[in-house]
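Student:
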Amino acid sequence: MPKKRSGGGLSPAQQAAKFLGVSVLAGAVLAGIALPAFGALGLAAKGSVESFDELPANLKTPPLSQRTTILDADGGQIATVYSRDRTVVSLKDMSPYVQKAIVAIEDSRFYQHGAVDMKGVLRALNKNVQSSGVAQGASTLTQQYVKNVFVEEAGDDPTKVAQATQQTLGRKIKELKFAIQVEEELGKKKILENYLNITFFGEQAYGVEAAAQRYFSKHAKDLNLQESALLAGIVQSPSRYDPVNDEEEATKRRNTVLARMAEVGDVSRAEADKAMKAPLGLKPSRPKNGCITAVKGAGFFCDYVRQVFLSDPVFGETSEARAKVWNQGGLTIRTTMDPQAQESAQDSIKSHVYKSDDVATAATIVQPGTGKVLAMGQSRPYGIDTKDHQTTINLSVNQSMGGGAGYQPGSTFKPIVAAAALEGGTPATQSYSSPYEMDYPSPVSVCNGKTWRNDPNNPAKLTNEDESEHGPYSMKEATAKSVNTYYVQMISDIGICPVVELAKKMGVSRADGNKIVQAPSIALGTQEMSPLTMANAYATFASRGMYCTPVAIESITQTVGSQKKSLQVPKSTCTRAMSPTTADTVSTLLKGVVEDGTGQQAGLGSRPSAGKTGTTDNRYAAWFVGYTPNMAGAVWVGDPTHKRRMIGINIGGIGYEKVYGGEVPGPIWRDMMNGALQGKPAPDFNLVNIPDGDKNKGRGNDDGNNGDPGRGGDNGSLFGGLLNGGTDGGGNNNGGNNGGSFPSPTFSLPEGLFQGNGNGNGNGHGGRDGGDGASVGRQPGWAAARVTEARSGGRLGV
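If you number the sequence shown the way this note's numbering does, the last residue is 804 and the count never jumps.
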């Protein structure tokens, strides 16, 4: 049953009818509006009654926005995020002193009147007439609460806030009607509780709990008399009575509140006098809001959680709906972040790469078999202070999740090619001639029954890292030494489509959201990926062929008022990407990389590990991606702007003539994983026996692919067959739906050189993928050079 409040025994409607004229006058008084004659008051009252009747019957009270707390997997706090710093507490968790202080100074007759205090109205009217101005107001605590509800509902919209606070008769009438309803439905104690939770106390603090923490670093229930009086005094003018910025003014206001408390009998005169002599006793706490305050360098992990929330339909059908829930706050988000792994990742990064270096690094760890993201570190701190080398771009994730456009993974992509070959029946003992230098084999099949062709007149070429690297090589040795020509010969044998399809099953996609270009050079890692993508792809090997979508949130509890409920969160979906035998074979191959190959500096000693190095041509990026059976991690080092080559460079205080994947990213990965895995089990892989290949056995007749002259008439672009596409289109066999596969020439292209035609029958890059060459031409000069040089295959290996 709704509670009847005081009002001379009258119903709320009768109260409104009896006092409307006076309350309208009160509204005018409070708004500073001059009514020239009482006749005008009658007209105003008449119009006000009509407006009053047209208002909705009930006040829509939005849930109070509160702070959101983001926790790690162990329950430790990572950061708090809020649009308004507020923690809602019940009346029993507020000091009795603060309850009495706010009533004494804001509405001392709160418990004696209804929604409108007639004595207060008349007193204010008399005072203001005498002063010929607005010397005193007469809004009750209930009316103030209603006004605050309007402001809360307006959120951060400046126009709505202005409407909610505008000093007009219309607003006062609206405020009055809803105040009557609130008095009827809630009762005095609940109104006081709501008021103390919604009110702004300055210094970004909303509600008495946040205010107690901000000014005194204590809970609201622990406030003493003088502290309570100080907070109550702030409410009237938070900027004027801010004790942090003006102790003298705040002290005067506090003492005014104490005097009023003594006057109304809440405390004795002696108690008030004693409290007035006490110092303010401030112990302010610095506001901690947002991912910039995250512990253990977890700002980017924190931001990733925010991006997941704002983008996943599980939290709302539209982006607006998700943003509303996020801004409303009151969420306790337990994440998958392993504090030990996170701290280790950040410590390792800091010890190897300085934030002021010309290049940056990003590292990510995931858990095989679950998709849980355990850590996300970066050398450049999270923030907006560019002078301190800060950034808000998360270098570990895709562009759509707050990251960049990605980075070519180099030879860390080769294990995916090997897995595709093994899945298709290629034996692990397969050997290829693997010369030091060769033309890209042609033709090579791509998806949808089409083919990629090299230009017989000016063929794209590739080389291995060193002239001493020439075959024949077996798969095991070629993987350990990261032999480029071996893997290009392999992809020419099995076709590009099996590689692209397996990559998709492993969650591999371009960081910028574009489709993977189907050309043989993808075997050398020419498509830009993010560290999270690569770490999770390698986790598929660690989990014996099971790919699990990445997840960063374990659970969410939402608090609305005093009610708590659990929200649904995204779950990882695990599917089989390859057979266990294929995954185990790849693990055996990659174990050899850290034991005897290019990744020896990344080895974890007695703990079994596997991984692959990657260095892009001209050294714009270097990688190490590896795993144990219980953790997988990726480390990237490079210039996020793709301008600085890692040649003749200092990184972490050490000079490097040339940077290799095993030389900088490898040790970062090693130290990161050692710390993350400390104290954890050290299981071994399910290794398979791969006999050593016969070094003297080449590919025999298969080597004819190296010099396939292609088909006459395929060319029709600026450099002939170099830019031709699929052979099923019109024109010169380079149109159709796949015209424009880019064969990765070995030279740099000047900006705007290739402008492919965007049609199915035209020369060059026609059809669906026809813009590929043109898009290179439209890139800034550095982008054109980077794409062409890095995709040349030259030294995209180690």
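Glycine included, C-beta positions come from ideal geometry on N, C-alpha and C. Here the structure is a predicted model, which is why all the values come from computation and not from measurement.
Within the region 366–391, note down every full beta strand (DSSP E) run reaching 3 residues or more, in order along the chain.
Tutor: For the region 366–391, whole beta strand (DSSP E) runs of length 3 or above, ordered along the chain, are 366–372 and 379–384.
Student: Would a C-beta distance cut-off of 8 Å place S578 and T555 closer than the cut-off?
Tutor: Residue mapping note: residue 578 aligns to position 572 of the sequence shown, counting from 1. Residue mapping note: residue 555 aligns to position 549 of the sequence shown, counting from 1. The answer is yes: Cβ separation under 8 Å.
Student: Looking only at C-alpha atoms, which of Q524, R516, I528 and Y553 sits nearest to P537?
Tutor: On the sequence shown, position 531 is the one that residue 537 refers to. It is R516.
Student: Under 8 Å: do the region 390–398 and the region 503–521 share three or more Cβ pairs, one atom per stretch?
Tutor: No, they do not touch.
Student: If you reduce the DSSP assignment to three classes, tell me which class E323 lands in.
Tutor: Locating residue 323 in the sequence shown gives position 317, where the first residue counts as 1. Coil at E323, not helix or strand.
Student: Do you know how far the Cα of S585 is from the Cα of W642?
Tutor: Taking the sequence shown and counting its residues from 1, one reaches residue 642 at position 636. Taking the sequence shown and counting its residues from 1, one reaches residue 585 at position 579. Rounded to the nearest angstrom, the two C-alpha atoms are 28 Å apart.
Student: Among T257, L175, S350 and M282, which has the Cα closest to the Cα of A682?
Tutor: Stepping through the sequence shown from its first residue, residue 682 is reached at position 676. It is S350.
Student: Kindly indicate which residue of F156, Q169, E190 and T165 has the alpha-carbon position closest to the one of T205.
Tutor: Mapped onto the sequence shown, residue 205 falls at position 199. Comparing Cα-Cα distances from T205 to each of F156, Q169, E190 and T165, the minimum goes to F156.
Student: According to the Cβ coordinates, are P465 and W458 closer than 8 Å?
Tutor: As a first step, residue 465 is located in the sequence shown; it is residue number 459 there, counting from the start. As a first step, residue 458 is located in the sequence shown; it is residue number 452 there, counting from the start. No, Cβ-Cβ distance for P465 and W458 is not below 8 Å.
Student: If you count every other CB in all the chains shown that lies within 10 Å of the CB of R625, and 16 or more means buried, which is it?
Tutor: In the sequence shown, residue 625 corresponds to position 619, counting from 1. Result: buried.
Student: Mind checking A608: buried by the 16 CB within 10 Å criterion, or exposed?
Tutor: Residue 608 sits at position 602 when you count from the first residue of the sequence shown. So A608 ends up on the buried side.
Student: When you compare only the Cα positions, how much space is there between S561 and Y212?
Tutor: Counted from its first residue, the sequence shown places residue 561 at position 555. Counted from its first residue, the sequence shown places residue 212 at position 206. Each residue's alpha carbon lies about 26 Å from the other.
Student: State the CB to CB distance for the pair H225 and E233, rounded to an integer number of angstroms; the pair is presumed to be in contact (CB under 8 Å).
Tutor: Locating residue 225 in the sequence shown gives position 219, counting from the first residue. Locating residue 233 in the sequence shown gives position 227, counting from the first residue. About 11 Å; that fails the 8 Å criterion.
Student: Take D846 and list the residues in its own chain whose beta-carbon comes closer than 7 Å to its own, dropping the five residues that flank it on each side.
Tutor: With the chain covering 7 to 804 only, the question about residue 846 has no answer from this structure.
Student: Give the DSSP-derived three-state secondary structure of S781 in the structure shown.
Tutor: Position 775 of the sequence shown, counted from the first residue, corresponds to residue 781. Caution is warranted here: a pLDDT of 31 is assigned to S781, below 50, making its placement in the model unreliable, and no coordinate value can be reported.
Student: Which value, in whole angstroms, describes the spacing of the CA atoms of K356 and S417?
Tutor: Taking the first residue of the sequence shown as position 1, residue 356 is located at position 350. Taking the first residue of the sequence shown as position 1, residue 417 is located at position 411. For K356 and S417, the distance between alpha carbons rounds to 25 Å.
Student: Quick one: using the 10 Å Cβ neighbour count with 16 as the cut-off for buried, is I674 buried or exposed?
Tutor: Locating residue 674 in the sequence shown gives position 668, where the first residue counts as 1. I674 is buried by the Cβ-count criterion.
Student: Please state whether DSSP places R340 in a helix, a strand or coil.
Tutor: Numbered from 1 along the sequence shown, position 334 holds the residue referred to as residue 340. Strand, per DSSP.
Student: Please state whether the Cβ-Cβ distance between C580 and Y544 is less than 8 Å.
Tutor: Looking up residue 580 in the sequence shown gives position 574. Looking up residue 544 in the sequence shown gives position 538. In this structure, Y544 does not lie closer than 8 Å to C580 by Cβ.
Student: According to DSSP, which residues form a beta bridge with S559?
Tutor: The count along the sequence shown starts at 1 and reaches residue 559 at position 553. Note on identity: in this sequence residue 559 is Ile, with Ser being the wrong assignment. In the DSSP output, where bridge partners are listed per residue, I559 has T341.
Student: Excluding the 5 residues flanking R328 on each side, which residues of the same chain have their C-beta closer than 7 Å to its C-beta?
Tutor: Locating residue 328 in the sequence shown gives position 322, where the first residue counts as 1. F315, L316, F321 and G322, listed in sequence order.
Student: According to DSSP, is A682 part of a helix, a strand, or is it coil?
Tutor: Here residue 682 refers to the residue found at position 676 when the sequence shown is read from its first residue. Correct three-state label for A682: helix.
Student: Taking Cβ to Cβ, would you say A79 is nearer than 8 Å to T341?
Tutor: Residue numbering aside, residue 79 sits at position 73 when the sequence shown is read from its first letter. Residue numbering aside, residue 341 sits at position 335 when the sequence shown is read from its first letter. Contact: yes.
Student: Who does M637 pair with in a DSSP beta bridge?
Tutor: The sequence position of residue 637 within the sequence shown is 631, counting from 1. Bridge partners of M637: T634.
Student: Could you compute how far the alpha carbon of V599 sits from the alpha carbon of E669?
Tutor: Here residue 599 corresponds to residue number 593 of the sequence shown, with the count starting at 1. Here residue 669 corresponds to residue number 663 of the sequence shown, with the count starting at 1. For V599 and E669, the distance between alpha carbons rounds to 13 Å.
Student: Assuming Y662 is part of the beta strand (DSSP E), what are its boundary residues?
Tutor: Within the sequence shown, the letter at position 656 stands for residue 662. Y662 -> beta strand (DSSP E) spans I660 to K664.
Student: With respect to the alpha helix (DSSP H) encompassing N542, which residues constitute its N-terminal and C-terminal limits?
Tutor: Residue numbering aside, residue 542 sits at position 536 when the sequence shown is read from its first letter. Its alpha helix (DSSP H) spans residues P537 to A548.
Student: Where does L147 land, buried or exposed, given buried means 16+ other C-beta within 10 angstroms?
Tutor: Taking the first residue of the sequence shown as position 1, residue 147 is located at position 141. So L147 ends up on the buried side.
Student: Along the beta strand (DSSP E) that carries L468, what are the first and last residues, could you check?
Tutor: As a first step, residue 468 is located in the sequence shown; it is residue number 462 there, counting from the start. Counting along the chain, the beta strand (DSSP E) containing L468 begins and ends at K467 to T469.
Student: Mind checking N463: buried by the 16 CB within 10 Å criterion, or exposed?
Tutor: If you number the sequence shown from 1, residue 463 lands on position 457. Under this definition N463 is an exposed residue.
Student: Is P421 near L610, with beta carbons less than 8 Å apart?
Tutor: Here the question's residue 421 lines up with position 415 in the sequence shown. Here the question's residue 610 lines up with position 604 in the sequence shown. No.
Student: Thinking C-alpha only, which one of Q436, I522, A484 and H476 is nearest I500?
Tutor: In the sequence shown, the residue the question calls residue 500 occupies position 494. Of the listed residues, the one whose Cα sits closest to I500 is Q436.
Student: Touching or not, the region 364–382 and the region 109–118, by the rule of three or more beta carbon pairs under 8 Å?
Tutor: No, the region 364–382 does not touch the region 109–118.
Student: Residues in the same chain with beta-carbon distance under 6 Å from A640, minus the five sequence neighbours each way, listed in chain order, please.
Tutor: Sequence index remark: in the sequence shown, residue 640 carries index 634 (1-based). Around A640: T370, P537, M540, A541 and V631.
Student: For G658, which residues in the same chain have their Cβ closer than 6 Å to its Cβ, ignoring the five residues on either side in sequence?
Tutor: Locating residue 658 in the sequence shown gives position 652, where the first residue counts as 1. These residues qualify, in order along the chain: H358, V359 and Y360.
Student: Tell me whether the beta-carbon of V489 lies closer than 8 Å to the beta-carbon of S440.
Tutor: Stepping through the sequence shown from its first residue, residue 489 is reached at position 483. Stepping through the sequence shown from its first residue, residue 440 is reached at position 434. Their beta carbons are under 8 Å apart, which means V489 touches S440 by this criterion.
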